[in-house]
Amino acid sequence: MSAVAKRYALALFQLAKENNQLDQYENELREVKKALADNDNFKNLLKLPKLPSEKKKEILKEVFSKTSTYVLNTLMLLCDAHREEEMEAVAASFIELVNEERGIAEAVVYSIRPLTASESEAISSAFAKKVGKTSLNIENVIDSNILGGVKVRIGNRIFDGSLQGKLNRLKRDLIS
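When we follow full-length UniProt numbering, the leftmost residue of the sequence shown carries the number 1, and every step to the right adds one.
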């Protein structure tokens with residue numbers, strides 16, 4: 001993450017705390033991040049050098065019309081500074097700051113089927129302790145290649161309790 005993205009995110013984070021709007025800004029920035037991550041055409045449109053900043057700002061106002069003033073203004077500032085490519089990183093950095101404040105870590109859990117609420121809670125409480133956090137914000141990804149069990153990725157750490165992972169470890173042990 002760039003220093004620029006961190007600076008913008010920190011400024012917005014401080015405003016959110018001052019205004020007791022942390023949850024709202026976090027939800028809005030998750031939507032911004034998702035919109036940019038899921039739509040390459042939208043992201044590429046904002047990066048076009050020939051498209052004037054005013055037109056880009058109009059597009060942003062239209063797409064993110066339901067966001068709060070400060071979040072929208074942050075996107076406008078990035079546009080004015082010709083840093084449209086930093087928008088997704090600013091959102092990610094803001095979410096990281098909120099998680100750090102709350103003692104939460106982002107986790108991706110790969111499973112053969114969707115996790116139930118109780119399974120997600122059990123995984124959260126078991127793995128949060130392993131990474132020194134109070135809980136996990138879990139994104140569940142369905143992966144039929146793991147055959148069974150779960151694989152948990154928290155930051156750059158992977159906990160592989162999948163059947164496929166166990167078979168691969170057994171294969172390595174037998175070969176060596």
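Positions of the beta carbon are idealized from the N, C-alpha and C atoms, including for glycine.
- Between the region 5-16 and the region 85-103, the count of Cβ pairs shorter than 8 Å is three or higher; the stretches touch.
- Inter-segment contact for the region 138-151 and the region 118-129 is present: three or more beta-carbon pairs are separated by less than 8 Å.
- Here I95 carries a helix assignment [DSSP, helix/strand/coil].
- If the five residues before and after V150 are omitted, its C-beta is found closer than 6 Å to the C-beta atoms of V109, S111 and G161, all from its own chain and listed in chain order.
- Excluding five sequence positions before and after V131, the CB atoms of its chain that fall closer than 8 Å to its own CB belong to A105, I154, G155 and R157, given in chain order.
- In this structure, K57 sits away from M87, with a CB-CB distance that is not shorter than 7 Å.
- Distance from the CA of R169 to the CA of V63, rounded to the nearest whole angstrom, comes to 48 Å.
- Taking 7 Å as the cut-off, the Cβ atoms of E100 and T67 do not count as close.
- In the three-state reduction of the DSSP assignment, A117 falls in the helix class, which pools H, G and I.
- Taking the CA atoms as reference points, F127 sits about 41 Å from A81.
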